[in-house]
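In terms of this note's numbering, the sequence shown opens at residue 3 and continues consecutively. Note that beta-carbon positions come from the ideal geometry of N, C-alpha and C, so glycine has one too. Below: the structure, in structure tokens.
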Amino acid sequence: MARYHLLSQYVWPDGAPTAIYAEQLAVRLRSRGADVVLVGGSGAYRDADRDRPDVAIVSPPHFVGRRGSLGSVAREYLSVERAFREYIRTRVGRHDVVVATSAPPNSVRLAREIERRGAAPVYWLQDYYPELVRGILDPPEPLRRLLARWFDGQLRRWARVVKIGANLGYEGENAVVIRNWPTVSFSTDVAPTPKTALYSGNLGYGHLVSALVAVCEELRAKGYAITVRGDGPGMSELPVWIDRQRPLTGRAELVRSYLQSEIHLVAAHPAIQRAVFPSKLWNSLAARRTVLYSGFVGAMQQELQESVVSPYWEHLGQWDSLLKSLE
């Protein structure tokens, strides 16, 4: 039987979205008796409180950077990539399947290393970096095209590239869309607190904070109390009348906060349509709360329309079927 290796810069106990999704995919594969290993770094993205998953976890040593320092983060990216390469060379066998997330972004260069071991390489495209970089430093169009050409060339080397949304920039023949899913389950018999609104998660380069604040201003005028439970550079741009708190760290806390809030807020950036799709949407849909959106236009708006009617309870099964076909 093939062994599955799921590579992500962050794994349990960290609360990064990529860590949680990789973990839940690993648990799904393990539930059918598959041999699964979660492989991740030892850095910290976000605190979280959840039980250790019943799968093997390997954390090869690497340099740990500091969020907020681009140089330190870049050094960690390169160190994690080296650690993953060493793991692949020594632990991946013929006919195995290796799933690498786009954290760190330079993991896109691992396909040939995986193929040399006789294994099937699968890339989980959660972030399309040639577009996401525009939130940090918007390079000239020719430079963006050059970066996209290089990145797409790397993606074409993978057996499959799984995009979390149809809006993500890569359009190669090996691409398939499998959307994310709710990371927690909700009871539907809990009434929300009236006149409350919640934004939860990262507020960073892929979000237009001014568009989110405009929605919040409309809600404030109607008497709503607004809370943002998050992190990222956009937090400092919020006005003082928005209640800013640390990110949600545990499943019980997330479930309670999502159910207590009458309205959920989901943000995007109209100038960055092909880079990401907000995974927080799925928990809000599962909680069956009213969702208000900001910054969704063009490709992001089209993907949003498809996502809100997508049968998210089938998405993990789609992953399972795809990986079985590659054994």
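Bridge-paired residues (DSSP) for residue i
{"i": "R246", "result": "V230"}
{"i": "N204", "result": "D233"}
{"i": "L8", "result": "L40, V101"}
{"i": "L267", "result": "L294"}
{"i": "G252", "result": "D51"}
{"i": "W284", "result": "W284 is not bridged to any residue."}
{"i": "R162", "result": "V124"}
{"i": "T195", "result": "S263"}
{"i": "A177", "result": "V163"}
Through-space distance from residue j to residue i, alpha-carbon basis
{"i": "T292", "j": "Y260", "result": "11 Å"}
{"i": "V57", "j": "R32", "result": "7 Å"}
{"i": "T92", "j": "S10", "result": "17 Å"}
{"i": "Q320", "j": "V38", "result": "17 Å"}
{"i": "I180", "j": "I265", "result": "27 Å"}
{"i": "G236", "j": "G35", "result": "43 Å"}
{"i": "L8", "j": "A122", "result": "12 Å"}
{"i": "Q128", "j": "V186", "result": "19 Å"}
{"i": "I22", "j": "V13", "result": "7 Å"}
{"i": "V192", "j": "R258", "result": "9 Å"}
{"i": "K197", "j": "I244", "result": "14 Å"}
{"i": "R276", "j": "E316", "result": "24 Å"}
{"i": "L149", "j": "Y125", "result": "18 Å"}
{"i": "Y226", "j": "D140", "result": "35 Å"}
{"i": "S238", "j": "Q247", "result": "12 Å"}
{"i": "W175", "j": "R151", "result": "Here residue 175 turns out to be Glu, not Trp, going by the sequence shown. Each residue's alpha carbon lies about 15 Å from the other."}
{"i": "Y89", "j": "P62", "result": "7 Å"}
{"i": "Q26", "j": "I228", "result": "30 Å"}
{"i": "R158", "j": "R69", "result": "30 Å"}
Residue i vs residue j beta-carbon contact at 8 Å
{"i": "G43", "j": "V101", "result": "no"}
{"i": "A216", "j": "S323", "result": "no"}
{"i": "N169", "j": "Q304", "result": "yes"}
{"i": "V99", "j": "A4", "result": "yes"}
{"i": "G171", "j": "Y130", "result": "yes"}
{"i": "Y47", "j": "A28", "result": "no"}
{"i": "G234", "j": "G252", "result": "no"}
{"i": "L250", "j": "A199", "result": "no"}
{"i": "L318", "j": "H271", "result": "no"}
Whole-Å CB distance - residue i paired with residue j, under 8 Å assumed
{"i": "P106", "j": "A50", "result": "That belief does not hold up - the Cβ atoms of P106 and A50 are roughly 19 Å apart, past 8 Å."}
{"i": "G120", "j": "E78", "result": "Not really, about 29 Å apart at Cβ, beyond 8 Å."}
{"i": "L283", "j": "S309", "result": "6 Å"}
{"i": "Q232", "j": "G203", "result": "For the sequence presented, residue 232 should be read as Gly rather than Gln. Correct: roughly 5 Å between the Cβ atoms."}
{"i": "A254", "j": "F188", "result": "Wrong, their Cβ atoms sit about 12 Å apart, outside the cutoff."}
### Task
Let me know the beta strand (DSSP E) ranges lying completely inside the region 16-69, each 3 residues or longer, listed in chain order.
37-42, 58-60
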